[in-house]
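Note sheet for the following structure.
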Amino acid sequence: MEAGLSKFEVMSQSLGQNIASERKKLNLTQKQLASGICSQSMISNIEKGNYVPNAILLSEICQRLGISVDRSLLSTYYEISEDKEFSRNVEQMCNNHQYAELIDYMDSSDVIANLSQNEDLQIFYYYYGCGTYQLTKDAVSALRYLNMALNFTYSKRNESLTGIEALILSVINFIEIESNRTKLLGNFETVIDAVLTNKIIQPDKNLNIVFYQYGMALLHQKRLNESINVLRNGVKWATENDSNLMLSDFFFMLGHEYAAINDEVHAKEADNNYQVISKVFNQNVNRSIT
Numbered sequence: 001m002e003a004g005l006s007k008f009e010v011m012s013q014s015l016g017q018n019i020a021s022e023r024k025k026l027n028l029t030q031k032q033l034a035s036g037i038c039s040q041s042m043i044s045n046i047e048k049g050n051y052v053p054n055a056i057l058l059s060e061i062c063q064r065l066g067i068s069v070d071r072s073l074l075s076t077y078y079e080i081s082e083d084k085e086f087s088r089n090v091e092q093m094c095n096n097h098q099y100a101e102l103i104d105y106m107d108s109s110d111v112i113a114n115l116s117q118n119e120d121l122q123i124f125y126y127y128y129g130c131g132t133y134q135l136t137k138d139a140v141s142a143l144r145y146l147n148m149a150l151n152f153t154y155s156k157r158n159e160s161l162t163g164i165e166a167l168i169l170s171v172i173n174f175i176e177i178e179s180n181r182t183k184l185l186g187n188f189e190t191v192i193d194a195v196l197t198n199k200i201i202q203p204d205k206n207l208n209i210v211f212y213q214y215g216m217a218l219l220h221q222k223r224l225n226e227s228i229n230v231l232r233n234g235v236k237w238a239t240e241n242d243s244n245l246m247l248s249d250f251f252f253m254l255g256h257e258y259a260a261i262n263d264e265v266h267a268k269e270a271d272n273n274y275q276v277i278s279k280v281f282n283q284n285v286n287r288s289i290t
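Following the UniProt record's numbering from start to finish, the sequence shown increments by one per residue and tops out at 290.
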C-alpha cells in the first residue's frame with residue numbers, strides 16, 4: 001500500500017487502472033467509453049481513482065468493456081460466530097454490488113474485533129478476497145487473501161472438505177483461470193470429486209456455485225463439451241438436493257453452449273428451462289458469458 005493512502009483509496013486507484021487498461025486494449029477513447037453512459041469527465045475521474053462508480057454505472061462500463069461483473073463469486077453468505085449482523089450486512093452489500101463499501105466495512109474495528117476463531121478468520125478473508133477481485137480484478141491481491149483464508153483450516157491430508165473450503169478452492173481456481181494464470185483445473189477436480197463422493201462436511205445448496213464456476217472456467221478455455229457435462233452434473237446435483245440456487249444461470253449457460261456447438265434441440269430445451277426457472281424463482285442471470 002502506498003504511504004498515506006487508505007485501503008479504500010488503493011482499491012479506487014486499482015479499479016480505475018483496470019478500467020483504463022481494458023479501455024486502451026479496445027482502442028477506445030474516454031469519450032467513446034462514456035458515450036450514452038456518463039460524461040467523459042466521470043470516466044476520467046474513475047480512471048484516476050478519484051471516484052468509485054455505483055453498481056449501475058459500473059455494470060454499464062464493464063458491459064461495454066467486456067469485463068465480467070460476475071455475481072457467482074459472492075452468492076453465498078456465512079456468519080462469523082460472534083457477529084450475527086455480519087452475514088446480513090455482507091449479503092446486502094454483495095447483492096447491491098457495493099464492493100468498495102464491503103471492503104471498507106470489513107476494515108472496521110468492530111468487525112475485526114470479533115475474529116476470535118480460525119473459522120471466523122477464514123470467512124473474513126474469503127469475503128475480503130472475493131470483494132477485492134470483484135472491485136479491482138486484481139488477481140494477485142485477491143488470491144493472496146483467498147489462500148490465506150484457505151490455510152486457516154485446510155490440509156491436503158484431510159479426507160473431507162467443509163463447505164467453505166470447497167468454495168474457496170473453487171474461487172481460487174476460477175480466478176486463476178479467468179486471469180490466465182494457469183490452465184490447470186486441479187482445485188475444481190478435487191472439489192467436484194468430494195461433492196460427488198459425499199466427502200463434504202454438511203453439504204448445502206451453495207455447492208451449486210462450484211459446478212457453475214467450473215463450467216465457466218471450461219467455457220473460458222473454449223472446452224464447451226466438457227463444460228456442458230459439468231453443468232449437467234450440476235443441474236442433477238442441485239435437483240437431487242432440492243436446491244434452485246443459480247439454476248437459471250446453469251440453463252442460460254447451457255443454452256449458449258449448445259447453440260455454439262449447433263445442437264439446436266438441446267439449446268431450445270435449455271432456453272425454455274431458463275425462461276421458466278428465472279420467472280418462477282425470480283432469478284436474474286449472469287449474461288456476460290454471451
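Glycine is no exception: its CB is placed at the ideal position from the N, C-alpha and C atoms.
Item                                                                                                                                                                          : Value
Does residue 153 come out as helix, strand or coil in the three-state DSSP assignment?                                                                                        : coil
If I measure Cβ to Cβ from residue 40 and keep anything under 7 Å in the same chain, skipping five residues before and after, which residues do I get?                        : 30, 31, 34
Taking the alpha carbon of residue 202 as the reference point, which residue from 214, 250, 166 has its own alpha carbon closest?                                             : 166
Would you identify the three-state DSSP class for residue 61, choosing helix, strand or coil?                                                                                 : helix
Of the residues 219, 250, 240, which one's Cα is nearest the Cα of residue 261?                                                                                               : 219
Can you list, in chain order, the residues of its chain with a C-beta nearer than 7 Å to that of residue 89? Leave out the 5 residues immediately preceding and following it. : 105
Let me make sure I understand the geometry here. Which of 161, 141, 13, 265 has the alpha-carbon closest to that of residue 51?                                               : 13
Can you tell me whether residue 239 is buried or exposed? The criterion is at least 16 other CB atoms within 10 Å of its CB, across all chains shown.                         : exposed
With DSSP run on the structure shown, which of helix, strand or coil describes residue 239?                                                                                   : helix
Please tell me whether residue 15 and residue 136 are closer than 7 Å, where the distance is taken between their beta carbons.                                                : yes
What are the boundary residues of the alpha helix (DSSP H) that includes residue 257?                                                                                         : 247-260
In the DSSP output, what is residue 161 paired with across the bridge?                                                                                                        : 200
Decide yes or no for the touch test of the segment 244-262 against the segment 218-236: beta carbon pairs closer than 8 Å, at least 3 of them.                                : yes
Residue 21 to residue 139, Cα distance in whole Å?                                                                                                                            : 15 Å
Consult DSSP for residue 220 and reduce its assignment to one of helix, strand or coil.                                                                                       : helix
Look at residue 247 and residue 231 and say whether their C-beta atoms are less than 7 Å apart.                                                                               : no
In whole angstroms, give me the CA-to-CA distance for residue 125 and residue 208.                                                                                            : 21 Å
Helix, strand or coil, according to DSSP, for residue 132 in the structure here?                                                                                              : helix
Pick helix, strand or coil for residue 270, following the three-state DSSP scheme.                                                                                            : helix
Taking DSSP as the reference, what is the three-state secondary structure of residue 289?                                                                                     : helix
Based on Cα-Cα distance, which residue from 87, 192, 252 lies nearest to residue 278?                                                                                         : 252
Taking the continuous alpha helix (DSSP H) assigned at residue 283, which residues delimit it?                                                                                : Per DSSP, residue 283 belongs to no alpha helix (DSSP H) and is neither H nor E.
So what's residue 138 in DSSP terms, helix, strand or just coil?                                                                                                              : coil
Run the proximity test for residue 235: is its beta-carbon closer than 6 Å to any non-hydrogen atom belonging to the ligand NAD?                                              : In the structure shown, the ligand NAD is absent, as is every other ligand, since no ligand is present at all.
Going by CA-CA distance only, name the one from 169, 61, 87 that's closest to residue 191.                                                                                    : 169
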